[in-house]
Amino acid sequence: GDSVTQTEGPVTVSESESLIINCTYSATSIAYPNLFWYVRYPGEGLQLLLKVITAGQKGSSRGFEATYNKETTSFHLQKASVQESDSAVYYCALGPSNTGYQNFYFGKGTSLTVIP
Amino acid sequence: DPKIIQKPKYLVAVTGSEKILICEQYLGHNAMYWYRQSAKKPLEFMFSYSYQKLMDNQTASSRFQPQSSKKNHLDLQITALKPDDSATYFCASSHPGLGYEQYFGPGTRLTVL
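Read top to bottom, the protein sequences are chains A and B. First residue of the first sequence? That's 1410 in the working numbering, and the numbers climb one at a time after it. First residue of the second sequence? That's -17 in the working numbering, and the numbers climb one at a time after it.
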């Protein structure tokens, strides 16, 4: 089936250190899936962090980046130097290749705490 | 201003009771969704609506009934509540043709005692 697996949290990193949150996906019913990273800050809803809709491409936002790797079915999230304000829960998601009303598949979320 | 409003933010209910979770979106989207996240589980898709019509239902139980009184409203009625229904329920919306992403509300955390 369609599913997403990501790094089990919680993850604790010191400020200015690098970060990688792993995400792998399985897309059996979606021929050309779109991939997303969402972030949820305390008390808020999920916000789109970045998206990539074409295999082989890289998406980036707020210093985060992720590359859509179809060969390894991965979409790892990386940041070279984290800040305390990056503390949040990060969700990797798989979506359909059209813009209709179809559902997304999410990972469990990775809770990140950045220590100052 | 919040674009997707969910009410209430927190909800405590007793087993066997009935509750309605409210969702309103002010993004002009015509597709709306409900997702649920239980402890240590992924967000799980429940329902999708397009132009107030049910398009997909991945919820096994008929105790969960979405209700769309207006294009920008999609409430979720839950009857005969069980402790296993305890979760955070997220409403989302999207607009075909304006991008591939879905936009999410802040969630309603439901606890069933």
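Don't be surprised by glycine CBs; every beta carbon is placed ideally from N, CA and C. Fair warning: this is a prediction, and the values are worked out from it, not measured in the lab.
**Prompt:** Whose C-beta lies closer than 7 Å to the C-beta of residue 8 of chain B among residues of the same chain, with five residues either side of it excluded?
**Reply:** Counted from its first residue, the second sequence places residue 8 of chain B at position 26. Correct list, in chain order: -15, 54.
**Prompt:** Helix, strand or coil: which one does DSSP assign to residue 1480 of chain A?
**Reply:** As a first step, residue 1480 of chain A is located in the first sequence; it is residue number 71 there, counting from the start. Under the three-state reduction of DSSP output, residue 1480 of chain A falls in the coil class, being neither helix nor strand.
**Asked** In its own chain, which residues sit with a C-beta less than 7 Å from the C-beta of residue 46 of chain B, not counting the 5 before and 5 after it?
**Response** Counting from 1 along the second sequence, the entry for residue 46 of chain B is found at position 64. The residues are 28, 58, 60.
**Asked** Less than 8 Å separating the beta-carbons of residue 1434 of chain A and residue 1521 of chain A?
**Response** Working through the first sequence from its first residue, we reach residue 1434 of chain A at position 25. Working through the first sequence from its first residue, we reach residue 1521 of chain A at position 112. Their beta carbons are not under 8 Å apart, which means residue 1434 of chain A does not touch residue 1521 of chain A by this criterion.
**Prompt:** From residue 77 of chain B to residue 1518 of chain A, what does the alpha carbon distance come to, in whole angstroms?
**Reply:** The residue given as residue 77 of chain B occupies position 95 in the second sequence. The residue given as residue 1518 of chain A occupies position 109 in the first sequence. One C-alpha to the other measures close to 25 Å.
**Item:** 8 Å Cβ cutoff, residue 1511 of chain A in contact with chain B
**Value:** On the first sequence, residue 1511 of chain A is found 102 positions in, with the first residue counted as 1. It does: the Cβ of residue 1511 of chain A has a partner Cβ on chain B nearer than 8 Å.
**Request:** Give the DSSP bridge partners of residue 1519 of chain A, in chain order.
**Result:** For the purposes of this step, residue 1519 of chain A is identified with residue 110 of the first sequence, where counting begins at 1. According to DSSP, which records beta bridges pairwise, residue 1519 of chain A is partnered with A:1499.
**Item:** residue 90 of chain B: first and last residue of the uninterrupted beta strand (DSSP E) it sits in
**Value:** As a first step, residue 90 of chain B must be located in the second sequence, where it is residue number 108. Where residue 90 of chain B is concerned, the enclosing beta strand (DSSP E) stretches over 90 to 94.
**Request:** Keeping to the same chain, check which residues put their C-beta closer than 7 Å to that of residue 1424 of chain A; ignore five residues upstream and five downstream.
**Result:** Here residue 1424 of chain A corresponds to residue number 15 of the first sequence, with the count starting at 1. Result list for residue 1424 of chain A: 1491, 1492, 1493, 1523, 1524, 1525, in chain order.
**Asked** Going by the beta-carbon positions, is the gap between residue 63 of chain B and residue -3 of chain B smaller than 8 Å?
**Response** The count along the second sequence starts at 1 and reaches residue 63 of chain B at position 81. The count along the second sequence starts at 1 and reaches residue -3 of chain B at position 15. In contact: residue 63 of chain B and residue -3 of chain B (Cβ atoms closer than 8 Å).
**Request:** Use the C-beta contact count for residue 1449 of chain A: other C-beta atoms within 10 angstroms, 16 or more gives buried, fewer gives exposed.
**Result:** Locating residue 1449 of chain A in the first sequence gives position 40, counting from the first residue. Label assigned to residue 1449 of chain A: buried.
**Request:** Report yes or no: is there a C-beta of chain B within less than 8 Å of the C-beta of residue 1457 of chain A?
**Result:** Start at 1 with the first residue of the first sequence, and residue 1457 of chain A comes out as number 48. Chain B contact via Cβ: present.
**Message:** Which residues in chain A have a C-beta closer than 8 Å to the C-beta of residue 6 of chain B? List them in chain order.
**Reply:** Within the second sequence, the letter at position 24 stands for residue 6 of chain B. Chain A residues near residue 6 of chain B: none, gap ~13 Å exceeds 8 Å.
**Asked** Along the chain, which unbroken stretches of the beta strand (DSSP E) at least 3 residues long are found entirely within the segment 1426 to 1478 of chain A?
**Response** 1428 to 1430, 1432 to 1435, 1443 to 1449, 1455 to 1461, 1467 to 1470, 1473 to 1476
**Item:** As assigned by DSSP and simplified to three states, the class of residue 1493 of chain A
**Value:** The count along the first sequence starts at 1 and reaches residue 1493 of chain A at position 84. DSSP places residue 1493 of chain A in helix when its eight states are reduced to three.
**Request:** Tell me whether the beta-carbon of residue 1526 of chain A lies closer than 8 Å to the beta-carbon of residue 1428 of chain A.
**Result:** As displayed, chain A neither begins before 1410 nor continues past 1525, which places residue 1526 of chain A out of reach and without an answer.
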